[in-house]
Amino acid sequence: MAVSALATGCQPPGFFDGQNLWHEWVVNFFPRIGDSICRGMGGHADGGPPNWLIYLVLGFLGSLIVVNIAALGVPFVVLLERKLLGRFQNRIGPNRVGPFGLLQPVADALKLMTKEDITPAAADKIVFALAPLAFAIPIILMFAPIPWADHASLANLDIGILWVIAVTTAAEAGIFMAGWSSNNKYSLFGAMRAVALLVSYEIPLVLSLLGVVLLAGTLNLSEIVLDQRFAPNILWQPLGFFVFIIAVSAELNRAPFDQLEAESELVSGFHTEYSGMKWAMVQLGEYAALIGFSAIIATLFLSGWKGPLWIPGYIWLVTKMAFILCAFIWVRATIPRMRIDQIMAFGWKFLLPLSIINIFATAAEVIAFPDALPYWLIPINIAFAGACVVGMAKLLGFQPKTRKIVIPGRPVIGDDTPGRIVPLMRGGN
Amino acid sequence: MNVGVAASIAFWIMAIIAVVSALAVIVTRDIFRAALFLILAFLTVAGLFITLSADFVAAVQVLVYGGAISILLIFAVLLTRDVQKGNPSNRMLKPAVFLGALFAATLIVVITNSTWKLSGDSPPQGTTAAIGDALVNSYVLPFEIASVLLLAAMIGAIVVARGRDE
Chain A
-18 MAVSALATGC
-8 QPPGFFDGQN
2 LWHEWVVNFF
12 PRIGDSICRG
22 MGGHADGGPP
32 NWLIYLVLGF
42 LGSLIVVNIA
52 ALGVPFVVLL
62 ERKLLGRFQN
72 RIGPNRVGPF
82 GLLQPVADAL
92 KLMTKEDITP
102 AAADKIVFAL
112 APLAFAIPII
122 LMFAPIPWAD
132 HASLANLDIG
142 ILWVIAVTTA
152 AEAGIFMAGW
162 SSNNKYSLFG
172 AMRAVALLVS
182 YEIPLVLSLL
192 GVVLLAGTLN
202 LSEIVLDQRF
212 APNILWQPLG
222 FFVFIIAVSA
232 ELNRAPFDQL
242 EAESELVSGF
252 HTEYSGMKWA
262 MVQLGEYAAL
272 IGFSAIIATL
282 FLSGWKGPLW
292 IPGYIWLVTK
302 MAFILCAFIW
312 VRATIPRMRI
322 DQIMAFGWKF
332 LLPLSIINIF
342 ATAAEVIAFP
352 DALPYWLIPI
362 NIAFAGACVV
372 GMAKLLGFQP
382 KTRKIVIPGR
392 PVIGDDTPGR
402 IVPLMRGGN
Chain B
194 MNVGVAASIA
204 FWIMAIIAVV
214 SALAVIVTRD
224 IFRAALFLIL
234 AFLTVAGLFI
244 TLSADFVAAV
254 QVLVYGGAIS
264 ILLIFAVLLT
274 RDVQKGNPSN
284 RMLKPAVFLG
294 ALFAATLIVV
304 ITNSTWKLSG
314 DSPPQGTTAA
324 IGDALVNSYV
334 LPFEIASVLL
344 LAAMIGAIVV
354 ARGRDE
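Heads up: the sequence lines are chains A and B, in that order.
Residue 38 in our numbering sits at position 57 of the first sequence, with consecutive numbering throughout.
Residue 256 in our numbering sits at position 63 of the second sequence, with consecutive numbering throughout.
Structural data, given as structure tokens:
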């Protein structure tokens, strides 16, 4: 694995077509940069530096880029979230610092750096200090196999998607270290809820992924993108997409599943006691996971860096990620937080059976059409997904009720009969 | 310096961390820290798998041991009474040392006396497909038996946990 194809290294002759050099440099930006650095160091020539040195330099530079995508992307995603939440709540949102509030991330970062870093007296000091790192580092690791464009992933891992799942699961230890070492019952409650939630939603998350893996026949993220030649996987896998995106928002601890932070009851849960840069580290981990998972969703279901127009792949990927981020923020602004027992019942009784149905349906389709799925399966799949979701909801006893809001003297809101007016009560209330 | 030397350096770093953290698990009084050291040992073992080019096994090690087993351990720590007061002393020290020494001695004898076969082949690139093929084609019966056993254990645990009244 360590020496599996370094995607940004020296490319073989004839790798770049070189027809239109300018356009080709824009499209193949990352492989071109890697190739130039490699050749500039004299790689693959006689008397040049050894391969491991080139590998080390390129790997270091690539890691620098990817870590900075995460670390510099986070403040702007936070700004986007605050702006959009403001709009959803009929406010303006941050607009004081810089034009349109664009310098708000800088101000936030300065504020966090100058804040006092408090460690509670009763805390387990070493574990308390290590917990934000144990939370943020695995999440940054998940960016390694994401293909930003053709031949432009930092590590073209054969186990790509398994790697992502594994390292994000390892971040749970960080949440738990934070909750326990704070020596605060609210932190501990938050951490316990986090673990219960993640154990429950890990299963539908992984099972809904398996449909995509079955279609592509590989775990490698670059190959999963290349496999979506004719249509993005969301069309073949609508049910898988539905389950995956819900399980991801639970995995990311976002509303409506943010029961472990639950500001109104747990005072933000496992990071109640954190302040200053340690808090910033926790926040970095949470929002880096949001960015990373939107890249994963785009890669798995929306055909990643591929697009119909001649626009560079990384622009396509970032555009798709922006759409997914906005959808997550929209959901957060719209749906109220669920109770912990509702979350558990939703995960185990609703998402888990749906993801298992999805695996069997996908496996049957792949066996029936081993070469490529025919296009007429797309409407069937979408109808099947809709029928499954509605049927499962009915099976669990979901009955949507139109609630009538009755204010005496006004027309009844939500009533079918037009102009029905509840008479004002005389006497009493 | 070639790949072999780099792999040796990585091996020794991770082997030392794994052994030290495994020792720390048994000498730390604070049971929560002991659990954290055990997680560190699991993760370094995953690193050792990577030096052996067993990437799938390494990822599963992180997923199962670093994720699931560690959460199980931490839940067990949480549900233990008076855990903040540290590890209570009991009379099991001497039998535990005896059994541990016996087990270690057995392992050392077995490791030093067996003849280890070395393969001259280069490690396979991409082990996932081969592992999947082996699990559901060649060894499908043991695989299914293990699955049924785990399912039975799970159902048994649920029955025990539910109690009699419900």
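Don't be surprised by glycine CBs; every beta carbon is placed ideally from N, CA and C.
Within a 10 Å sphere around the beta-carbon of Asn362(A) sit 16 or more other beta-carbons, which makes this residue buried. With 16 or more other Cβ atoms from the protein chains shown falling within 10 Å of its own Cβ, Ser203(A) counts as buried. Pro185(A) sits away from Met319(A), with the two beta carbons spaced by 8 angstroms or more.
Assigned with DSSP and collapsed to three states, Asn164(A) falls in coil, not helix or strand.
Judged by DSSP in its simplified three-state form, Gln254(B) adopts helix. DSSP places Lys375(A) in the uninterrupted alpha helix (DSSP H) bounded by Leu358 to Leu376. Annotated as proximal: Asp131(A) and Asn9(A), with beta-carbon spacing under 8 angstroms. For Gly221(A), the CB contacts under 6 angstroms within the same chain, skipping 5 residues up- and downstream, are Ser189, Gly192 and Asn339 in chain order.
Listed along chain A, the residues sitting closer than 7 angstroms to Ser263(B) by beta-carbon distance are Ala154.
For the C-beta of Arg226(B), the chain A residues within less than 9 angstroms are, from N- to C-terminus, Asp105, Ile107 and Val108. A Cβ-Cβ contact shorter than 8 angstroms links Glu62(A) with Ile310(A). For Val263(A), the closest Cβ of chain B is not nearer than 8 angstroms.
Proximity of chain B to Phe157(A) at the Cβ level (cut-off 7 angstroms) is accounted for by Ile267, in chain order.
Within the model, the alpha-carbon separation for Asp322(A) versus Glu232(A) is close to 16 angstroms. Around the CB of Asp326(B), fewer than 16 other CB atoms lie within 10 Å, so the residue is classed as exposed.
Contact annotation, Ile351(B) with Val176(A): C-beta distance approximately 19 angstroms; criterion of less than 8 angstroms not satisfied. Residue environment analysis places Val290(B) among the exposed positions, since fewer than 16 neighbouring C-beta atoms fall within 10 angstroms of its C-beta. Fewer than three Cβ pairs drawn from the region 212 to 224 of chain B and the region 137 to 146 of chain A lie within less than 8 angstroms of each other, which leaves the two stretches out of contact. In the same chain as Phe235(B), and ignoring 5 residues on each side of it, the C-beta atoms closer than 6 angstroms to its own belong to Tyr258 and Gly259, in chain order. Taking 8 angstroms as the upper bound for CB-CB distance, Gly328(A) and Tyr182(A) are in contact here, some 5 angstroms apart. For Phe109(A), the enclosing alpha helix (DSSP H) stretches over residues Lys106 to Leu122. Using a Cβ distance threshold of 8 angstroms, Leu335(A) and Trp217(A) do not count as a contacting pair. Excluding sequence positions up to five before and after Ala125(A), its CB lies within less than 6 angstroms of the CB of Leu135 and Ala136, all in the same chain and listed in chain order.
With distances taken between CA atoms, Asn234(A) lies nearest to Ala172(A) out of Pro12(A), Ala172(A), Ile348(A) and Cys307(A).
Taking C-beta atoms under 8 angstroms as the contact rule, Val255(B) and Ala239(B) qualify, at a distance of about 5 angstroms. Judged by beta-carbon spacing, Asn164(A) lies within the 8 angstroms limit of Asp105(A), meaning their Cβ atoms are closer than that value. Inclusion of Ile156(A) and Phe116(A) in the CB contact set at 8 angstroms is warranted, their separation being smaller than that value. Residue ranges of uninterrupted alpha helix (DSSP H) with 4 or more members are absent from the region 35 to 61 of chain A; none lies entirely inside it. Where Ser263(B) is concerned, the enclosing alpha helix (DSSP H) starts and stops at Ser263 to Leu271. For Ile361(A), no chain B residue has a C-beta closer than 7 angstroms to its own C-beta; the minimum C-beta separation is roughly 27 angstroms. Ranked by Cα distance from Arg313(A), the first of Leu42(A), Gln70(A) and Asn49(A) is Gln70(A).
Annotated three-state conformation of Glu254(A) is coil, per DSSP.
Closer than 9 angstroms at the C-beta level to chain A, one finds these residues of the region 304 to 325 of chain B: Gln318, Gly319, Thr320, Thr321 and Ala322.
Where Val312(A) is concerned, the enclosing alpha helix (DSSP H) starts and stops at Gly294 to Thr315.
Taking a 10 Å sphere around the C-beta of Phe350(A), we find fewer than 16 other C-beta atoms and assign the residue as exposed. Burial state of Gly349(B) is exposed, judged by a 10 Å Cβ sphere holding fewer than 16 other Cβ atoms.
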